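I have placed the structure first, in the form of structure tokens, so that the comments after it can refer back to it.
Number of protein chains: 2
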Amino acid sequence: MRITWPVPEPLMPADVHPALAATARAASVAYGEARLAFTRLELREEVADGADGTPTMRVDAIVEGAIADAAKRNGANLLSEEAGFIDNGSAETLVIDPVDGSANAAFGVPLSCFAGVVVRDGVPSEALTVWFDTGRAWWARAGEPTPYRTTGRTALDGASVCLMRPKRGTEEAWQRVANRADRIRVLCTTCLETALVAEGSVDAFIDVGSDTHRIMDLAAALVTVPAAGGVLLDLRGRPFTFDHDLSRRWSGVAAATPQLAEALIEVALG
Amino acid sequence: MRITWPVPEPLMPADVHPALAATARAASVAYGEARLAFTRLELREEVADGADGTPTMRVDAIVEGAIADAAKRNGANLLSEEAGFIDNGSAETLVIDPVDGSANAAFGVPLSCFAGVVVRDGVPSEALTVWFDTGRAWWARAGEPTPYRTTGRTALDGASVCLMRPKRGTEEAWQRVANRADRIRVLCTTCLETALVAEGSVDAFIDVGSDTHRIMDLAAALVTVPAAGGVLLDLRGRPFTFDHDLSRRWSGVAAATPQLAEALIEVALG
Numbered sequence: 001m002r003i004t005w006p007v008p009e010p011l012m013p014a015d016v017h018p019a020l021a022a023t024a025r026a027a028s029v030a031y032g033e034a035r036l037a038f039t040r041l042e043l044r045e046e047v048a049d050g051a052d053g054t055p056t057m058r059v060d061a062i063v064e065g066a067i068a069d070a071a072k073r074n075g076a077n078l079l080s081e082e083a084g085f086i087d088n089g090s091a092e093t094l095v096i097d098p099v100d101g102s103a104n105a106a107f108g109v110p111l112s113c114f115a116g117v118v119v120r121d122g123v124p125s126e127a128l129t130v131w132f133d134t135g136r137a138w139w140a141r142a143g144e145p146t147p148y149r150t151t152g153r154t155a156l157d158g159a160s161v162c163l164m165r166p167k168r169g170t171e172e173a174w175q176r177v178a179n180r181a182d183r184i185r186v187l188c189t190t191c192l193e194t195a196l197v198a199e200g201s202v203d204a205f206i207d208v209g210s211d212t213h214r215i216m217d218l219a220a221a222l223v224t225v226p227a228a229g230g231v232l233l234d235l236r237g238r239p240f241t242f243d244h245d246l247s248r249r250w251s252g253v254a255a256a257t258p259q260l261a262e263a264l265i266e267v268a269l270g
Numbered sequence: 001m002r003i004t005w006p007v008p009e010p011l012m013p014a015d016v017h018p019a020l021a022a023t024a025r026a027a028s029v030a031y032g033e034a035r036l037a038f039t040r041l042e043l044r045e046e047v048a049d050g051a052d053g054t055p056t057m058r059v060d061a062i063v064e065g066a067i068a069d070a071a072k073r074n075g076a077n078l079l080s081e082e083a084g085f086i087d088n089g090s091a092e093t094l095v096i097d098p099v100d101g102s103a104n105a106a107f108g109v110p111l112s113c114f115a116g117v118v119v120r121d122g123v124p125s126e127a128l129t130v131w132f133d134t135g136r137a138w139w140a141r142a143g144e145p146t147p148y149r150t151t152g153r154t155a156l157d158g159a160s161v162c163l164m165r166p167k168r169g170t171e172e173a174w175q176r177v178a179n180r181a182d183r184i185r186v187l188c189t190t191c192l193e194t195a196l197v198a199e200g201s202v203d204a205f206i207d208v209g210s211d212t213h214r215i216m217d218l219a220a221a222l223v224t225v226p227a228a229g230g231v232l233l234d235l236r237g238r239p240f241t242f243d244h245d246l247s248r249r250w251s252g253v254a255a256a257t258p259q260l261a262e263a264l265i266e267v268a269l270g
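Those sequence lines, one after another, are chains A and B. Take the first sequence: its letter number 53 is residue 53 in the UniProt record's numbering, and every next letter is one higher. Take the second sequence: its letter number 167 is residue 167 in the UniProt record's numbering, and every next letter is one higher.
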């Protein structure tokens, strides 16, 4: 069975970097066309091994292909999950997660998104996240405030927390955080969940220690969450770097405030 | 802070019962206006105790008020979470969950919906679920096939399962199911999660035994999931009834097939 709901055009903010906007639009179009052309089973078929060492689903390959074309047309380099680094001779590199929440995107769960940043000399200048199924976009420039704000919550008790799904070896940490938070959710799309932290719809998102995140899973949040008053940290304090080594992994913690991030990390580490 | 995203008009199928369609439209309008008029904090403020014995948030009260007006204008009785039974002198009763996923709706997590059925002589004839943030609607008549189908999956191994969030006393059952399923999600909106089962985007939804569901949390799924080829059962085999006693509770299990429902129930009961 195919996914028959349409993928709308992104509600693109006015001042988005042209190459970033172009890749986001290309991603939405490609994902929408892929949903019409392929069944759920075909969308999730593993068609290759990505540059990050994990298998590439057909839906990832299709959307990343469209993004690579758009990056090239717009003269920007690209660092992406499956293809790795593509040098188009620019001083600027787009660091992009073509389809965050790939399994959701392939199965038809309407929670997946495009997420990208513009990086120059290892420093991200702006970020864009687009929720495919609604076209909702969150955009931020590094160091500039956004119209949306985090909740400002500092205490874990009473907090609404999105968790990465429980993974082998981290079940106890997962349970500790779930027991302490007032309300938990597991949406299986880090970039969308961190956007919800930025806009103040949930208090925090945490990977309790599975070290699942690559830099493109966290790059947009690294700009968007602080610009909205929150923080993005690694559970184990590792600095985030934009080099081209896609074997690096982090456990991202996005929170409305530094205090809430610290409280979450303390409980997760036990 | 207010939730600034718009609530679109429902994508209403053509043949929906007029009173059911009218209440769904009224719910969307009321929720959209409430998001503009009140902050997240105000939306979730507890303003009364519902007929079902749980506190009523402002967002529930506002949307239910609009639904009660629409039911009255359309001459249908109403059985609803907060108000209980409202007799408008009809042979037909609308059994409605005004805002499924109330906490999501109040916090701004874009996963909440209207869900209702038309009941005559204790038997539901048709069901409508509308996802507020997208207007997507799932409609079904009892005993008639729908254009969407469940995945048809029979085995729990490899399944994608939505779980009700872990609640005190059911943590072990929750963990057993989470460990067996291939991929889990916790969206905190039963009616939307069972719609995803019906359309084949996830294989199943389960409350592992917290007995949280009232009849209006499951009424739409009771029509929509079987019409799409799946099943809706109570974990403990209790029959679903449409009487006016809102103290009754169930643990709903919606699955793509009877075999998958049985496998889930077996693991949950341990």
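Beta carbons are placed, not taken as given, at the ideal position from N, Cα and C, and that holds for glycine. Treat the numbers as computed from the prediction; the structure is a model and nothing was measured.
Selection from the options that minimises the alpha carbon distance to residue i
i: Ala227(B); options: Ile96(B), Phe107(B) and Pro147(B); result: Pro147(B)
i: Gly116(A); options: Thr39(A), Leu20(A), Asp157(A) and Gly75(A); result: Leu20(A)
i: Ala22(A); options: Arg214(A), Leu187(A), Ala71(A) and Ser90(A); result: Ala71(A)
i: Leu232(B); options: Thr4(B), Asp243(B) and Ala195(B); result: Ala195(B)
i: Leu269(B); options: Pro13(B), Thr170(B) and Ala24(B); result: Thr170(B)
i: Arg238(B); options: Glu81(B), Gly252(B), Ala127(B) and Ala155(B); result: Gly252(B)
i: Trp5(B); options: Asp15(B), Val161(B) and Ala34(B); result: Ala34(B)
i: Trp250(A); options: Ala155(A), Val267(A), Met216(A) and Asp182(A); result: Met216(A)
i: Gly143(B); options: Leu222(B), Ile3(B), Ala30(B) and Ala91(B); result: Leu222(B)
i: Asn88(B); options: Glu82(B), Ala68(B) and Asp97(B); result: Ala68(B)
i: Arg149(A); options: Asp203(A), Glu45(A) and Ile62(A); result: Asp203(A)
i: Arg183(B); options: Val161(B), Arg153(B) and Gly84(B); result: Val161(B)
i: Glu266(A); options: Arg180(A), Leu192(A) and Arg185(A); result: Arg180(A)
i: Thr154(A); options: Pro166(A), Val16(A), Thr212(A) and Ala256(A); result: Ala256(A)
i: Thr224(A); options: Val47(A), Leu163(A), Gly32(A) and Ala254(A); result: Ala254(A)
i: Phe107(A); options: Arg185(B), Arg44(B) and Met57(B); result: Arg185(B)
i: Ala48(A); options: Phe38(A), Gly200(A) and Ile62(A); result: Ile62(A)
Own chain residues within Cβ distance below 8 Å of residue i, not counting five before or after
i: Ser28(B); result: Val7, Pro8, Glu9, Pro10, Phe114, Val130, Phe132 and Gly135
i: Arg25(B); result: Glu9, Pro10, Met12 and Ala70
i: Gly65(A); result: Ala30
i: Asp157(A); result: Arg180 and Asp182
i: Gly53(B); result: Leu246 and Ser247
i: Val109(B); result: Gly101, Ala103 and Cys188
i: Ser210(B); result: Met164, Lys167, Gly169, Thr170 and Ser251
Chain B contact for residue i (CB, 8 Å cutoff)
i: Leu196(A); result: yes
i: Ser201(A); result: yes
i: Thr146(A); result: no
i: Phe107(A); result: yes
i: Asp133(A); result: yes
i: Ser160(A); result: yes
i: Met1(A); result: yes
Buried or exposed by the 16-neighbour rule on C-beta atoms within 10 Å, applied to residue i
i: Leu218(A); result: buried
i: Gly101(A); result: buried
i: Asn74(A); result: buried
i: Pro18(B); result: exposed
i: residue 292(A); result: Summary: the structure shown does not reach residue 292(A), with chain A confined to residues 1 through 270, and so no result is reported for it.
i: Arg40(A); result: buried
i: Val95(B); result: buried
i: Glu126(A); result: buried
i: Glu193(B); result: buried
i: Gly50(A); result: buried
i: Asp15(A); result: exposed
i: Thr241(B); result: exposed
Same chain only: Cβ atoms within 6 Å of residue i, ignoring 5 sequence neighbours per side
i: Ala105(A); result: Val59, Val99 and Ser112
i: Phe85(B); result: Leu79 and His244
i: Ala140(B); result: Ala127, Thr146, Val223, Thr224 and Ala227
Minimum Cβ-Cβ distance from residue i to chain A less than 8 Å
i: Ala103(B); result: yes
i: Cys188(B); result: yes
i: Ala206(B); result: The amino acid at residue 206(B) is misidentified as Ala; the sequence shows Ile. Closer than 8 Å: no.
i: Gly270(B); result: no
i: Asp87(B); result: no
i: Asp100(B); result: no
i: Pro55(B); result: no
i: Ser210(B); result: no
i: Arg44(B); result: no
Same chain only: Cβ atoms within 7 Å of residue i, ignoring 5 sequence neighbours per side
i: Arg120(A); result: Ala91 and Glu92
Worksheet entry | Whole beta strand (DSSP E) elements within the stretch 168-244 of chain A, 3-residue minimum | 183-185, 204-206 and 231-234
Fill in: Continuous alpha helix (DSSP H) assignments of at least 4 residues falling wholly in the stretch 17-73 of chain B
18-37, 40-43 and 58-73
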